[in-house]
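There are 2 protein chains.
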Amino acid sequence: KIPEATIMRLSVYSRYLTEIDRKGIITISSGDIAEGVGVSPAQVRKDLAYFGEFGIRGVGYNVKDLHRNILKILGLSNEWSVCLVGLGNLGLALSTYRGFRERGFIITSIFDNDPEKIGIVIDGIEVLPVDLLEEIVPQRHTQIGAITVPSSSAQIIADKLVKSGVKAILNFAPVVLNVPPEVELRNVDLSVNLEVLTFNLGGKMA
Amino acid sequence: KIPEATIMRLSVYSRYLTEIDRKGIITISSGDIAEGVGVSPAQVRKDLAYFGEFGIRGVGYNVKDLHRNILKILGLSNEWSVCLVGLGNLGLALSTYRGFRERGFIITSIFDNDPEKIGIVIDGIEVLPVDLLEEIVPQRHTQIGAITVPSSSAQIIADKLVKSGVKAILNFAPVVLNVPPEVELRNVDLSVNLEVLTFNLGGKMA
Ligand SMILES: NC(=O)c1ccc[n+]([C@@H]2O[C@H](COP(=O)([O-])OP(=O)(O)OC[C@H]3O[C@@H](n4cnc5c(N)ncnc54)[C@H](O)[C@@H]3O)[C@@H](O)[C@H]2O)c1
Ligand SMILES: NC(=O)c1ccc[n+]([C@@H]2O[C@H](COP(=O)([O-])OP(=O)(O)OC[C@H]3O[C@@H](n4cnc5c(N)ncnc54)[C@H](O)[C@@H]3O)[C@@H](O)[C@H]2O)c1
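Written as structure tokens, this is what we have:
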């Protein structure tokens, strides 16, 4: 099994390669990638080795080839249709974040249950009543649902998303959701990022 | 060196232990923890083994002891003072998220450069002009800065935070920041979480 941290680093390498490719650079070494993203060259080589032989020893990696390979490994060769539920502060920040579209994640529907939110248009997508979710999501061939509603509503929304056929759920509500095993579920808690920082500070502040 | 994924899992174990402790449960096995957070019992034991012997073979772990130990490892035995810069959609979602305070991260100051935002009060904290950052942040003994401004302003804000003595920066702007080596920096890109999902779907959708 490939460690999750390796997948997350692959995603960071690919962003860096986008920048390098834009600058017209043809080949790159594991040392350059390592410096660009803040890891060790050995870590870059170890991560890539899980997926096969990409570079030529002594010459480095072809930027375009390596980038295309990584995008394929991450499942990003095509676009993904994403449905966002809950247009509160967090939902609004995610719906307006250009980084998603750049990586091929297109928000194709937004739902809420607050009449004040229904009818708002974000990037051409109109906020719809949550009661229409199970009808609209399959129509727009949506594979991923993002949950940004309060914890009290999160399981109800997860059930609706599963019924409408999504294959994966990104959950921001701080609650443990039950979804069937064939649906991929990922919980995001931003305070975990702060805790990695305080762990790293642990030695320094002592 | 302890893998970052281990630290992130420790943070998730600790949240689960908070819930278990609240229910009055005295001892717990690695199997129970594993089931509660969705990893394998071997992974729980491996993660904890980095930090010493906590449980008694055949009996399990004392919930309160294990929890206190994990909080100490994560550097959460005390509260941390956090400064938030940029009260946009994302900044607003972070400033109102109760999960931070529950883990001991207290937002003690908020800055923006938009006159419409200055003077807004969130949870008793008044949004101040960003020009006051280098004066206020040291006064409030702030150790951590969170950057939620557009990419174009992120480096300027990072420099201000470093000058005011913060020890760690959590950056949400999609740009590579330069900070001195003694300052811990962590970049968050939420699309990385979507890419872990699409990687996991890779095999299933093929
Ligand atoms: N994981 C993190 O780090 C993190 C950070 C910030 C917020 N959050 C969480 O994200 C969620 C959203 O936070 P927020 O600050 O945007 O909250 P918010 O209250 O501003 O927004 C919630 C939105 O969901 C809508 N809603 C409520 N019930 C609904 C339902 N049944 N169907 C459809 N829409 C519904 C509301 O109308 C509102 O627009 C919360 O659960 C919060 O705890 C998590
Ligand atoms: N990492 C992710 O996954 C993710 C997700 C969403 C947004 N973002 C990023 O987070 C940042 C904020 O996003 P948003 O949607 O809240 O944007 P926004 O435009 O709604 O908010 C930005 C805020 O920063 C303030 N600001 C601008 N320049 C400033 C300066 N020099 N000093 C102080 N304040 C300043 C603005 O007045 C505004 O209030 C952006 O960089 C965005 O790309 C990242």
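Quick note, the sequences are listed as chains A and B, same order. Just so we're on the same page, our numbering is the position in the first sequence counted from 1, plus 1062. Just so we're on the same page, our numbering is the position in the second sequence counted from 1, plus 1062. Glycine residues also receive a C-beta, built at the ideal position from the N, C-alpha and C atoms.
Interface residues of chain B around residue i at Cβ under 8 Å?
i               : result
G1264 (chain A) : I1135, L1136, G1137
Does DSSP classify residue i as helix, strand or coil?
i               : result
T1089 (chain A) : strand
S1139 (chain A) : coil
I1069 (chain A) : helix
G1028 (chain A) : Nothing can be reported for residue 1028 (chain A): it is not among the residues displayed for chain A, which extend from 1063 to 1268.
E1164 (chain A) : helix
T1260 (chain A) : helix
P1191 (chain A) : strand
V1125 (chain A) : helix
T1158 (chain A) : coil
A1268 (chain A) : Because A1268 (chain A) sits at a pLDDT of 42, beneath the cut-off of 50, its placement in the model cannot be relied upon, and the following sentence gives the value as read from the coordinates. Here A1268 (chain A) sits in coil by DSSP.
L1079 (chain A) : helix
V1099 (chain A) : helix
A1235 (chain A) : coil
Measuring straight from C-alpha to C-alpha, what distance separates residue i and residue j?
i               : j               : result
H1203 (chain A) : I1169 (chain A) : 12 Å
R1084 (chain A) : G1137 (chain A) : 21 Å
K1063 (chain B) : D1193 (chain A) : 49 Å
V1099 (chain B) : G1093 (chain A) : 36 Å
A1104 (chain A) : E1196 (chain A) : 47 Å
V1088 (chain A) : H1129 (chain A) : With the sequence shown as reference, residue 1088 (chain A) is identified as Ile, and Val is not the correct amino acid for it. Approximately 11 Å between the Cα atoms of the pair.
F1162 (chain A) : R1163 (chain B) : 28 Å
G1264 (chain B) : T1210 (chain B) : 32 Å
N1233 (chain B) : S1171 (chain A) : 28 Å
E1066 (chain B) : V1074 (chain B) : 13 Å
F1116 (chain B) : G1148 (chain A) : 41 Å
P1191 (chain B) : I1180 (chain B) : 6 Å
G1122 (chain B) : R1107 (chain B) : 11 Å
P1177 (chain A) : L1256 (chain B) : 29 Å
L1152 (chain B) : D1174 (chain B) : 13 Å
Residues of chain B with CB under 7 Å from residue i, in chain order?
i               : result
S1253 (chain A) : G1161, F1162, R1165, F1167
T1158 (chain A) : N1151
L1154 (chain A) : N1151
S1171 (chain A) : Those within 7 Å of S1171 (chain A) in chain B number zero; the least Cβ separation is about 16 Å.
S1073 (chain A) : V1254, E1257
Hey, is residue i close to ligand 1, as in C-beta under 6 Å from one of its heavy atoms?
i               : result
D1251 (chain B) : no
G1181 (chain A) : no
L1152 (chain A) : yes
A1235 (chain A) : yes
Y1159 (chain A) : no
Strictly below 9 Å CB to CB, what residues from chain A border residue i?
i               : result
I1206 (chain B) : L1256, L1259, T1260, L1263
Is there at least one Cβ from chain E nearer than 7 Å to residue i's Cβ?
i               : result
S1214 (chain B) : Although the question refers to chain E, the structure presented lacks it and instead comprises the protein chains A and B.
Are there any heavy atoms of ligand 2 lying less than 6 Å away from the beta-carbon of residue i, as far as the coordinates show?
i               : result
T1210 (chain B) : yes
V1192 (chain B) : yes
N1255 (chain A) : no
G1148 (chain B) : yes
Against residue i, what residues of chain B qualify as contacts under a CB-to-CB distance less than 9 Å, listed in chain order?
i               : result
I1271 (chain A) : Summary: the structure shown does not reach residue 1271 (chain A), with chain A confined to residues 1063 through 1268, and so no result is reported for it.
P1065 (chain A) : P1065, A1067
By the criterion of Cβ-Cβ separation under 8 Å, what are the contact partners of residue i in chain A?
i               : result
V1250 (chain B) : L1252, N1255
query: Quick one, which residues of the segment 1216-1248 of chain B are near chain A if we go by CB-CB under 7 Å, in chain order?
result: K1229, A1230, L1232, P1236, E1246, R1248
query: Name the residues in the segment 1101-1119 of chain A whose C-beta lies less than 8 Å from a C-beta of chain B; which are they?
result: none
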